[in-house]
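Here the structure comes first, spelled out in structure tokens, and everything after it is commentary.
Residue numbers (my numbering), protein chains in the order written: chain A, 4 to 248; chain B, 4 to 248.
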């Protein structure tokens with residue numbers, strides 16, 4: 004039976020903000036990086052899928068960070084796939100510090116797309132072929148929540164440029180997170196609070212598009228919507244803070 | 004006598020563009036990260052300096068990349084300080100792939116600033132106290148070149164947001180590089196050519212400022228200027244491509 008896999012990271016100077024703690028985006032980046040590495044190592048990475056004109060696409064993600072780790076500290080990301088459906092596979096993560104204390108966790112749901120049609124394909128065959136990669140441990144927290152409607156109180160535009168795009172030629176997940184969080188006051192982003200981020204990817208955004216990024220600020224949360232054509236949502240997200248007791 | 008230090012990196016999914024090769028910004032990020040780590044490990048990192056209200060600030064940098072390494076390949080960054088002046092110290096780098104072939108190099112010049120006045124301080128004492136950290140090996144290529152005048156043919160604006168700033172509360176070097184390169188056609192950025200980037204930091208840019216980013220496109224090079232107040236240059240840079248033979 005498969006077991007969780009473990010990947011080591013260090014909070015490098017490039018990962019911190021001026022509080023000298025890892026940014027939410029850098030922790031998210033380690034989480035997604037772990038997903039890519041683990042799939043690659045197990046033989047169902049983007050490299051193998053691309054050969055069949057397929058690719059993994061992140062559909063939904065929930066990240067919870069209780070405490071942002073400090074610069075130069077080490078942390079471990081554990082990852083495991085808990086289930087494969089016909090459309091989505093669920094990959095989970097826990098983040099623990101050097102003393103073994105869990106300070107964060109994530110649940111991600113991935114679709115497989117056909118690179119020509121850009122639409123989802125049935126991924127049951129991955130479940131069959133790689134059944135031994137499933138670890139029978141449930142997700143460490145609630146799966147990504149749906150965000151239904153966002154009524155922006157703050158808005159900005161962002162033209163998609165080269166440095167925003169990833170190996171799939173669409174906007175990289177961390178850049179979406181950054182362009183949303185950048186709408187908020189710095190004090191909110193650097194406060195000492197536990198945070199949960201839920202994000203849904205509904206449509207791909209591509210080079211040259213001008214995105215509209217909207218934010219609905221609430222008391223201890225914020226909702227976001229990004230649109231590539233000004234009408235339909237491409238990405239929706241929510242961020243919720245819980246002051247530490 | 005001191006020797007070069009070596010740091011290991013891997014080209015992760017987050018580091019590549021759609022050519023599946025490391026971006027120039029991600030290689031630059033590894034280079035600067037190596038500088039921070041090495042100074043930290045040797046006892047003259049930003050952590051120690053901050054306690055005395057000082058910090059390192061990158062003044063000039065030259066990076067040459069002959070060939071961008073592919074996703075999931077390992078590379079090593081070697082670093083050494085070749086000299087300390089009164090105002091600038093020179094830290095050098097070479098990048099080699101897993102088979103020991105050098106595919107890139109960099110020369111960086113650092114000033115030490117007083118965090119209150121934000122102006123440079125005499126760093127002779129570092130040279131005296133850490134004389135044993137100097138490695139008598141000259142820089143691996145020409146030191147950063149001066150860029151005197153830029154007449155923009157392309158221009159954009161960029162408002163400085165949270166995700167742009169670093170531990171010093173000013174715009175992070177890689178973001179400057181990204182905002183400049185993003186002005187160029189994608190075909191130019193992804194071509195298979197050796198590239199040399201020279202960059203000078205003249206003034207700090209800070210949160211909330213709106214920067215003007217200008218580019219003067221030439222045949223096989225491009226010059227850049229970023230200004231925070233619309234008058235004086237904050238950053239100047241040049242990028243030069245040499246088709247591989």
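All residues carry an ideal CB built from backbone N, CA and C; glycine is no exception.
Remember, predicted model here, so these are calculated numbers, not experimental data.
Backbone secondary structure at residue 264 (chain A) - three-state DSSP = Nothing about residue 264 (chain A) can be reported from this structure: the residues present for chain A run from 4 to 248 only.
Of the choices B:35, B:153 and B:21, whose alpha-carbon is the least far from that of residue 12 (chain B)?
-> On the second chain, position 9 is the one that residue 12 (chain B) refers to. Measuring from the Cα of residue 12 (chain B), the nearest candidate turns out to be B:35.
For residue 228 (chain B), collect the residues of the same chain with a Cβ closer than 6 Å to its Cβ; drop the 5 residues on either side in sequence, then sort them by chain order.
-> Counting from 1 along the second chain, the entry for residue 228 (chain B) is found at position 225. 153, 217, 236 and 239.
Hey, how far is the Cα of residue 170 (chain B) from the Cα of residue 126 (chain A)?
-> Within the second chain, the letter at position 167 stands for residue 170 (chain B). Within the first chain, the letter at position 123 stands for residue 126 (chain A). Distance between the alpha carbons of residue 170 (chain B) and residue 126 (chain A) is about 43 Å.
List the whole-angstrom C-beta distance separating residue 98 (chain B) from residue 58 (chain B), where the pair is believed to meet the contact cut-off of C-beta under 8 Å.
-> One-based indexing of the second chain puts residue 98 (chain B) at position 95. One-based indexing of the second chain puts residue 58 (chain B) at position 55. That pair is no contact at about 26 Å.
Residue-chain proximity (residue 17 (chain A), chain B), Cβ-Cβ < 7 Å = For the purposes of this step, residue 17 (chain A) is identified with residue 14 of the first chain, where counting begins at 1. Output row for residue 17 (chain A): interface = yes.
Give the straight-line distance between the Cα atoms of residue 177 (chain A) and residue 32 (chain A), rounded to the nearest whole angstrom.
-> Here residue 177 (chain A) corresponds to residue number 174 of the first chain, with the count starting at 1. Here residue 32 (chain A) corresponds to residue number 29 of the first chain, with the count starting at 1. Looking at the two C-alpha atoms, the distance is approximately 6 Å.
State buried or exposed for residue 246 (chain B), treating a residue as buried only when at least 16 other CB atoms are found within 10 Å of its CB.
-> Along the second chain, read from residue 1 onward, the residue named residue 246 (chain B) stands at position 243. So residue 246 (chain B) ends up on the exposed side.
What is the DSSP secondary structure of residue 71 (chain A), reduced to helix, strand or coil?
-> Within the first chain, numbered from 1, the residue matching residue 71 (chain A) stands at position 68. Coil at residue 71 (chain A), not helix or strand.
State the CB to CB distance for the pair residue 113 (chain B) and residue 92 (chain B), rounded to an integer number of angstroms; the pair is presumed to be in contact (CB under 8 Å).
-> For this step, residue 113 (chain B) is matched to residue 110 along the second chain. For this step, residue 92 (chain B) is matched to residue 89 along the second chain. 5 Å between Cβ atoms; contact.
Identify which residue in B:23, B:17, B:56 and B:67 has its Cα closest to the Cα of residue 144 (chain B).
-> In the second chain, counting from the first residue as 1, residue 144 (chain B) sits at position 141. The shortest C-alpha separation from residue 144 (chain B) is found at B:67.
Are the region 7 to 25 of chain B and the region 69 to 86 of chain B in contact at 8 Å, needing three or more beta carbon pairs?
-> yes
Does the beta carbon of residue 165 (chain B) sit closer than 7 Å to a beta carbon anywhere in chain A?
-> Here residue 165 (chain B) is taken as the residue at index 162 of the second chain, counted from 1. Taking Cβ atoms only, chain A reaches closer than 7 Å to residue 165 (chain B), which makes this a yes.
Neighbouring residues, chain B, relative to residue 184 (chain A) (Cβ below 8 Å) = The residue labelled residue 184 (chain A) in the question sits at position 181 within the first chain. Near residue 184 (chain A) (Cβ distances below 8 Å), the residues of chain B are 165 and 166.
Can you pull the chain B residues whose beta carbon is under 8 Å from the beta carbon of residue 172 (chain A), in chain order?
-> For this step, residue 172 (chain A) is matched to residue 169 along the first chain. Those are 21, listed as they occur along chain B.
Compute the Euclidean distance between the alpha carbons of residue 186 (chain A) and residue 244 (chain A), then round it to the nearest angstrom.
-> The residue you call residue 186 (chain A) lines up with position 183 of the first chain. The residue you call residue 244 (chain A) lines up with position 241 of the first chain. Answer to the nearest angstrom: the Cα atoms are 16 Å apart.
Give the residues of chain B in contact with residue 181 (chain A), contact being defined as C-beta atoms less than 7 Å apart.
-> Counting from 1 along the first chain, the entry for residue 181 (chain A) is found at position 178. Those are 166, listed as they occur along chain B.
Which of the three DSSP states, helix, strand or coil, is assigned to residue 155 (chain B)?
-> One-based indexing of the second chain puts residue 155 (chain B) at position 152. Of the three classes helix, strand and coil, the one that applies to residue 155 (chain B) here is coil, per DSSP.
Within the 7 Å Cβ cut-off, does residue 56 (chain B) reach chain A?
-> As a position in the second chain, residue 56 (chain B) is number 53, starting the count at 1. No, residue 56 (chain B) lies away from the interface with chain A (no Cβ there is under 7 Å from its Cβ).
Only counting runs of 4 or more residues, tell me where the alpha helix (DSSP H) segments fall wholly within the region 181 to 243 of chain B, in order along the chain.
-> 189 to 193
Listed in chain order, which residues of the region 26 to 46 of chain B have Cβ atoms closer than 8 Å to some Cβ of chain A?
-> 26, 28, 32, 35, 36, 39, 40 and 43
Roughly how many angstroms separate the alpha carbons of residue 192 (chain B) and residue 231 (chain B), rounded to a whole number?
-> As a working mapping, residue 192 (chain B) is identified with position 189 in the second chain. As a working mapping, residue 231 (chain B) is identified with position 228 in the second chain. The alpha-carbon atoms of residue 192 (chain B) and residue 231 (chain B) are separated by roughly 25 Å.
Short-range partners of chain A found in the region 195 to 212 of chain B, where Cβ spacing is below 8 Å | 210
Cutoff 6 Å; reference residue 181 (chain A); Cβ partners in own chain excluding five residues on either side | Counting from one through the first chain, the residue named residue 181 (chain A) turns up at place 178. Excluding sequence neighbours, residue 181 (chain A) sits near 28.
Chain A contacts made by the region 72 to 101 of chain B, where a contact means CB separation under 7 Å | 75
Please name the residue in B:90, B:79, B:95 and B:198 whose C-alpha comes closest to that of residue 103 (chain B).
-> Your numbering for residue 103 (chain B) matches position 100 in the second chain. The shortest C-alpha separation from residue 103 (chain B) is found at B:79.
By a C-beta neighbour count over all protein chains shown, 10 Å radius and 16 as the cutoff for buried, is residue 147 (chain B) buried or exposed?
-> Against the second chain, residue 147 (chain B) aligns to sequence position 144. Counting Cβ neighbours within 10 Å, residue 147 (chain B) comes out buried, since at least 16 surround it.
Could you tell me the distance, in whole angstroms, from the CA atom of residue 212 (chain A) to the CA atom of residue 164 (chain A)?
-> Here residue 212 (chain A) is taken as the residue at index 209 of the first chain, counted from 1. Here residue 164 (chain A) is taken as the residue at index 161 of the first chain, counted from 1. C-alpha separation (whole angstroms): 8 Å.
Under 7 Å from the C-beta of residue 189 (chain A): neighbouring residues of chain B = The count along the first chain starts at 1 and reaches residue 189 (chain A) at position 186. Neighbours of residue 189 (chain A) on chain B, chain order: 165 and 210.
Name the DSSP beta bridge partners of residue 86 (chain A), please?
-> As a position in the first chain, residue 86 (chain A) is number 83, starting the count at 1. Paired residues: A:93.
So is the beta-carbon of residue 74 (chain B) under 6 Å away from any non-hydrogen atom of the ligand SAH?
-> The ligand content of the structure shown is nil, which means the ligand SAH is not present either.
Buried or exposed: which applies to residue 156 (chain A), given that a residue is buried once 16 or more other Cβ atoms fall within 10 Å of its Cβ?
-> The sequence position of residue 156 (chain A) within the first chain is 153, counting from 1. With fewer than 16 other Cβ atoms within 10 Å, it is exposed.
Assign residue 158 (chain A) to buried or exposed, taking buried as 16 or more other Cβ atoms, counted over all protein chains shown, within 10 Å of its Cβ.
-> By 1-based counting over the first chain, the position of residue 158 (chain A) is 155. So residue 158 (chain A) ends up on the exposed side.
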